[in-house]
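Colleague: Quick one: structure below, then a few questions.
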Amino acid sequence: MAPYPRVRARTARLLLAGAVAAAAAGATGARAVAAREAAPARLMALSSQVNPGMTSLIIRASEPVAYAMSQPDPLTLVVDLPHVVARGFHSDFAGVPAEPIRAVSVRDTTGPDGPLARVRIALDRPVRPQVRSHRDTILVDLARQAPPAAPALPGERASTVLVRDDAGLTEDAVGGSAVPVESLAALGVNGVDPMSALRAGRSAATAPAAARQARPVPMLATPAEQVAQEEKHYTGHPVSLDFQGADLKAVLRTFSEISGLNIVIDPAVHGTVDVSLHDVPWDQALDIILRANKLGYVVDGTVVRIAPLTVLAEEEAQRRKLAEEQALSGALQTRTIALSYAKADDMQSLLTKSGIISNRGTVQVDERTNTLILTDLPEHVTQALNLIAKLDKPQPQVEIAAQIVQTNKSFARQLGVQWGFNGSLSPALGNTTAAKFPNSISAGGATGVTQGAAGTSTAVNLGVQNPTSAVGLALGSVAGAFNLDVALSALENSGNLHVLSTPRVTTQNNVEAEITQGVQIPIQTVANNTVTVTFKDAALTLRVTPQITSANTVIMRIALENAAPDFSRAVNGIPPIDTQRASTQVLVDNGQTTVIGGIVVSQQQMTNDRTPALSQLPLLGWLFKRNSTSNQDNDLLIFITPKIIRQ
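Here the sequence shown stands for residues -6 to 640, where the numbers follow my numbering.
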């Protein structure tokens, strides 16, 4: 078995012997510890005790002593007693087997700090031990079958067991004992490389990429990383620590024994530690102690260096400054790059903002030849050339075809009647009234519109204006005493208008294009006896910006306006402008067509002109009314079709 490390013995004495001596002697405890270090204790007795379900090995010394339990293989337990000699001890074990103990041997050896008594226990089957201590007695409890709960000894205090990872051992969180890595599968514990555990304990979001490099890199407990403590995952084996007023450096050296790490402590580290942890992963315990004392660590190969955060931050700042100065040292290079597709002004801005150009570098532009003049360190020149080679490439183009379809449908129908009459009773016609008054009577229409050859005036004037069809009927007597004139007029018309506009434009990827077709309407204004003429566009305008995606689709920002003058409603010779407009953003597959807008206007009108009361007469009512019906439908549809044109 490897020699017992010096730091383990000192730490164990600090934890166990110091606590026991302080409880027994109060203020004289420190002198007792010093006296014990000067004269080693003696192993007094070794015995076994068999209880129901439990076999206990009892180790008694001449005074309270520290101990360390290890298990080099599943069938061997080793209890090391630093600063203890075994000469002349009494044993009533006598080699009699007490299941699961097969044999016990004791021998004196020498550790780094002086004499050491080693008790080796041979087992007949793998057992998970439990270790307890009380004053000058150490009990190793071994379950005979199912392990019962061990009764606590009066005044018993928890012990801290330090185990070396380099021996293939890890700590048992229950009893403070150590078991080999090979047998951990049955106990639910995994052996983890200590350096891997340190890195696994850090948040993946905050671990610097440079931590994988050879130079020392800060690893833990920086202020920025304290925000992400919840994301940490600790993989170290569990440990139990109980320190009160312990020296901080001594506690940190303890983790070298716990984890097997090579630890170097900065001279600026100082202070004491008060901590009580039970069954905590060792990397988490180290993290907590470091953060509580504003410490961090760096990893340099296989060595972990612990130092205050301020020291590490200052070192890192100096390291970055040195690296920057080294990077900026050297001769400058000048290269001229003639661009084929990209604009030199745009490329200059991109190189400057990307951080590729160093503080010593410059980028000049020759607009006449679209050339960049680059001066910088060789490494930065190479990076700039690589970026320019990737960006100075022809961009695919997009052809956008729009179709604007306008349809107007109209229908009108009118049906009217005009009729008039005149009649008279007069001696001239030989049909007198035979009365002195009135001797003659005349009656006729009064609208003043002449109808037919009879020259009668209309009594009902509800005819259709500008009729396309008309039927007239005139009736009269021989002498002309009574005349009747009737005219029926009708109008029906329908119309269909179809207008197709197809603006088409081609542009590069992510470049806006515009196409316009139409007229400008002059608008004259007079102010202060000054005549001013301005022009208003009445045109079809298409503005579009295409963006080609990696999925071979096109995202288009479209602004389309269709404006036309309406001279039928002109005011002082200036017509209003009838406008349809659409502004949108759509995603269309290459070569596919989509409808980006549609306007449907439907107008229906019915008019009924009639003579009051008489128009309600059955059958004869049509002689006293005029009916008009008109329908008009206007449709506007806008279609867009993008087509990618690759070079």
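Each residue gets a CB set at the ideal place from its N, CA and C atoms; glycine is no exception.
Name the residue from Arg121, Arg536, Leu50 and Arg80 whose alpha carbon lies nearest to the alpha carbon of Met37.
Modeller: Comparing Cα-Cα distances from Met37 to each of Arg121, Arg536, Leu50 and Arg80, the minimum goes to Arg80.
Colleague: Below 8 Å on the Cβ atoms is my contact criterion, and I expect Phe617 with Leu607 to pass it. Report the Cβ-Cβ distance as a whole number of Å.
Modeller: That pair is a contact at about 4 Å.
Colleague: Please state if the CB of Leu74 and the CB of Leu50 are separated by a distance shorter than 8 Å.
Modeller: No; because the gap between Cβ atoms is not below 8 Å, this pair is not in contact.
Colleague: From the DSSP output, read off the bridge partner residues of Glu392.
Modeller: Paired residues: Thr499 and Lys636.
Colleague: Please go through the same chain and pick out, in chain order, the residues whose beta-carbon is closer than 7 Å to the beta-carbon of Val646, but skip the five residues on each side of it.
Modeller: Any property of residue 646 remains undetermined from this structure, which presents the chain solely from -6 to 640.
Colleague: Leaving out five residues before and five after Ser249 in sequence, what residues of the same chain have Cβ atoms less than 6 Å from its Cβ?
Modeller: Within the same chain, Ser249 has close Cβ partners Ile256.
Colleague: Keeping to the same chain, check which residues put their C-beta closer than 6 Å to that of Asn486; ignore five residues upstream and five downstream.
Modeller: Taken in chain order, the residues that qualify are Ala405.
Colleague: Can you give the Cα-Cα distance for Ile251 and Ala91, rounded to whole angstroms?
Modeller: The straight-line gap from Cα to Cα measures roughly 32 Å.
Colleague: Mapping the DSSP letters down to three states, classify His491 as helix, strand or coil.
Modeller: Residue state, collapsed to three classes: strand.
Colleague: Throw me the rounded Cβ distance for the Thr542 and Asp582 pair, which I believe falls under 8 Å.
Modeller: With 8 Å as the limit, Thr542 and Asp582 do not qualify as a contact, their Cβ atoms being about 10 Å apart.
Colleague: Measuring straight from C-alpha to C-alpha, what distance separates Leu254 and Met340?
Modeller: The alpha-carbon atoms of Leu254 and Met340 are separated by roughly 51 Å.
Colleague: Suppose contacts are defined by Cβ-Cβ distances below 8 Å. Is Val78 in contact with Ile52 by that definition?
Modeller: Their beta carbons are not under 8 Å apart, which means Val78 does not touch Ile52 by this criterion.
Colleague: Which whole-angstrom value is the C-beta distance of Val464 and Leu481, which I expect to be below 8 Å?
Modeller: With 8 Å as the limit, Val464 and Leu481 qualify as a contact, their Cβ atoms being about 5 Å apart.
Colleague: Output needed for Ser170: all residues of its chain with C-beta closer than 6 Å, excluding positions within five of it in sequence on either side, in chain order.
Modeller: Low confidence applies here, because Ser170 scores a pLDDT of 33, under 50, leaving its location unreliable; read the following figure in that light. The residues are Met62, Pro122 and Val124.
Colleague: Is there contact here, the stretch 367 to 380 with the stretch 415 to 424, by at least three beta-carbon pairs under 8 Å?
Modeller: Touching, no, given that fewer than three Cβ pairs across the two stretches are closer than 8 Å.
Colleague: Output needed for Arg639: all residues of its chain with C-beta closer than 6 Å, excluding positions within five of it in sequence on either side, in chain order.
Modeller: Contacts found: Pro389.
Colleague: Could you pull out every residue in the same chain whose Cβ sits closer than 6 Å to the Cβ of Asp626, ignoring the five residues on either side in sequence?
Modeller: Hits under 6 Å: Lys402 and Ser595.
Colleague: Taking the Cβ atom as the reference point for each residue, do Asp129 and Ser55 lie within a distance shorter than 8 Å?
Modeller: Yes, these two residues count as a Cβ contact at 8 Å.
Colleague: Are the beta-carbon atoms of Ile548 and Gln578 separated by less than 8 Å?
Modeller: In contact: Ile548 and Gln578 (Cβ atoms closer than 8 Å).
Colleague: How long is the line joining the alpha carbons of Ile258 and Asn286, rounded to whole angstroms?
Modeller: Rounded to the nearest angstrom, the two C-alpha atoms are 13 Å apart.
Colleague: Quick check on Val457: buried or exposed, where buried means 16 or more other Cβ atoms within 10 Å of its Cβ?
Modeller: Classification of Val457: buried, given that the 10 Å Cβ count is 16 or more.
Colleague: Here's a check: name, in chain order, each residue in its chain whose Cβ is nearer than 7 Å to the Cβ of Ile381, leaving out the five neighbours to either side.
Modeller: So the qualifying residues of the chain are Ile330 and Met340.
Colleague: Check Ser433 in the structure and name its three-state DSSP category.
Modeller: If DSSP states are grouped into helix, strand and coil, Ser433 belongs with coil.
Colleague: When you compare each of Thr368, Thr303 and Ile299 to Thr642 by their alpha carbons, which one comes out closest?
Modeller: For the chain, the structure presents residues -6 to 640; residue 642 sits outside this window and is missing.
Colleague: Excluding five sequence neighbours on each side, which residues of the same chain lie with their C-beta closer than 8 Å to the C-beta of Leu384?
Modeller: So the list reads Ala335, Met340 and Leu343, once near-sequence residues are dropped.
Colleague: Could you check if Asn476 is buried or exposed, using at least 16 other CB atoms within 10 Å of its CB as the buried criterion?
Modeller: Burial call: buried.
Colleague: With a CB to CB cut of under 7 Å and the five nearest residues on each side skipped, what residues in its chain are close to Val268?
Modeller: Leu234, Phe236 and Ile282, listed in sequence order.
Colleague: Identify every run of the beta strand (DSSP E) within the stretch 60 to 85, keeping only runs that are complete inside it and at least 3 residues long; order them along the chain.
Modeller: Taking only runs of at least 3 residues, the beta strand (DSSP E) segments lying wholly in the stretch 60 to 85 are 61 to 66 and 69 to 75.
Colleague: Which residues in the same chain as Gln573 place their Cβ atom closer than 7 Å to its Cβ, once the five residues preceding and following it in sequence are excluded?
Modeller: Contacts found: Asn555, Ile592 and Leu629.
Colleague: In terms of residue numbering, what span does the alpha helix (DSSP H) encompassing Ala606 cover?
Modeller: Unbroken run through Ala606: none, as it is neither H nor E.
Colleague: Which value, in whole angstroms, describes the spacing of the CA atoms of Ile551 and Asp571?
Modeller: Distance between the alpha carbons of Ile551 and Asp571 is about 20 Å.
Colleague: Who are the Cβ neighbours of Val498 in its own chain at under 6 Å, not counting the five residues just before and after it?
Modeller: Answer for Val498: Ile393, Ala506 and Ile508, listed in chain order.
Colleague: Is Ser126 buried or exposed, if buried means 16 or more other CB atoms sit within 10 Å of its CB?
Modeller: So Ser126 ends up on the buried side.
Colleague: Which whole-angstrom value describes the C-beta separation of Val304 and Val273, a residue pair presumed to lie in contact below a C-beta threshold of 8 Å?
Modeller: With a Cβ gap of about 27 Å, Val304 and Val273 do not count as contacting.
Colleague: So, for Ser623: in the same chain, excluding its five sequence neighbours on each side, which residues have a beta-carbon less than 6 Å away from its beta-carbon?
Modeller: Counting only Cβ-Cβ distances below 6 Å, and skipping sequence neighbours, we find Ala405 and Gln598.
Colleague: Considering just the uninterrupted stretch of the beta strand (DSSP E) at Val374, what are its terminal residues?
Modeller: Counting along the chain, Val374 falls outside any beta strand (DSSP E), though it belongs to the alpha helix (DSSP H) covering Pro371 to Leu384.
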